[in-house]
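Final position of the sequence shown in the numbering used here is 1068; the numbers increase by one with none missing.
Single-structure report; data block below.
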Amino acid sequence: MSSRRLAPWVCLCAWAAFAWGCGDWSFADLQPDDPRLLDRACPSPKECMTTGSAQQTTGITADTNGYKFGPGAGTLRIPMQEAPTASRGPGYVDALVAGRGQFYMAFVAPGAEPNAPRVAIPGEYTWMRLNRVTVPEGVSGGQHPEMVIGVDDGSELELADIRASGFEEVSSCALVRVRPHGSIAVWIVALACLAGAVVRRTAPSRRRSV
859 MSSRRLAPWV
869 CLCAWAAFAW
879 GCGDWSFADL
889 QPDDPRLLDR
899 ACPSPKECMT
909 TGSAQQTTGI
919 TADTNGYKFG
929 PGAGTLRIPM
939 QEAPTASRGP
949 GYVDALVAGR
959 GQFYMAFVAP
969 GAEPNAPRVA
979 IPGEYTWMRL
989 NRVTVPEGVS
999 GGQHPEMVIG
1009 VDDGSELELA
1019 DIRASGFEEV
1029 SSCALVRVRP
1039 HGSIAVWIVA
1049 LACLAGAVVR
1059 RTAPSRRRSV
């Protein structure tokens, strides 16, 4: 296949690799038919870090994800590319939780301990709100803020889902950290696309002799 014919296919593959490597969720307002935000943010245990008693489990149904915390202290950390920006007034994040004791939610600098108020955990599943989401203190260029949900010793929490409202529509890739395998594929295929373009421009034209 000539380089002229190959270049469009290489570029198409580069676009596919970029889309495959990026996260597929954002904190923008969701539509009723959108997938669950927790399932998209943490599709497997390796995507979101847990500490202590926190562990990923099945959600309310067998085909969804959820998290359980307790009876010891535990945290769930969801990595983000940047803190979401509110589009109209304060932005809100809600967590669908049940259990006993107290829990907390916060946006923090990577690895930082959250200084967040403790909120009573309802006995039945209830949407609990984290108000006024802002860029956490201590985040500098190149760092990734984290959304942290956790409990202290003696509390038990079941997290079934998270949702958000009041945020700007943003690219998923701007919000979620690009997965390592995806980012490598992006660079490899992008370089191949560039090389193909160079070859096409520098190759001498060939005319069929009459």
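By construction, the Cβ of each residue, glycine as well, lies at the ideal position given by its N, Cα and C atoms.
Since this is a predicted model, take the numbers as computed values, not measurements.
Please say whether residue j and residue i have beta carbons closer to each other than 7 Å?
i        : j       : result
Gly-959  : Gly-910 : no
Asp-1010 : Ala-931 : yes
Val-1006 : Arg-935 : yes
For residue i, which residues of its own chain have a beta-carbon under 7 Å away from its beta-carbon, when the five flanking residues on both sides are left out?
i       : result
Ala-974 : Tyr-962, Met-963, Ala-964
Met-986 : Asp-952, Ala-953, Val-955, Val-977
Gln-894 : Position check: residue 894 holds Arg in this sequence, whereas Gln was assumed. Excluding sequence neighbours, Arg-894 sits near Thr-922, Asp-1019.
Glu-815 : The chain is shown only over 859 to 1068; residue 815 falls outside these bounds and no answer can be derived.
Based on Cα-Cα distance, which residue from the options lies nearest to residue i?
i        : options                             : result
Glu-971  : Leu-988, Thr-933, Ile-979           : Thr-933
Tyr-925  : Met-907, Arg-935, Gln-914, Thr-919  : Gln-914
Met-907  : Ala-920, Arg-1021, Gly-1008         : Gly-1008
Thr-916  : Ala-1022, Leu-1017, Arg-1021        : Leu-1017
Glu-1004 : Val-966, Ala-1022, Pro-903, Leu-988 : Val-966
Leu-988  : Pro-901, Tyr-950, Ser-902, Cys-900  : Tyr-950
Tyr-983  : Gly-969, Ile-918, Glu-905, Pro-903  : Ile-918
Could you tell me whether any non-hydrogen atom of the ligand GDP is closer than 6 Å to the CB of residue i?
i        : result
Pro-1003 : Absent from the structure shown: the ligand GDP. Ligands present: none.
Between residue i and the rest of its own chain, which residues show a CB-CB distance below 8 Å, the 5 nearest in sequence each way excluded?
i       : result
Gly-981 : Ala-956, Gly-957, Arg-958
Pro-901 : Asn-923
Which residues in the same chain as residue i place their Cβ atom closer than 6 Å to its Cβ, once the five residues preceding and following it in sequence are excluded?
i       : result
Pro-903 : Gln-914
Inset, instruction - May I have a chain-ordered list of the alpha helix (DSSP H) segments no shorter than 4 residues that lie completely inside the stretch 898-922? - result: Counting whole runs of 4 or more residues, the stretch 898-922 contains no alpha helix (DSSP H) stretch at all.
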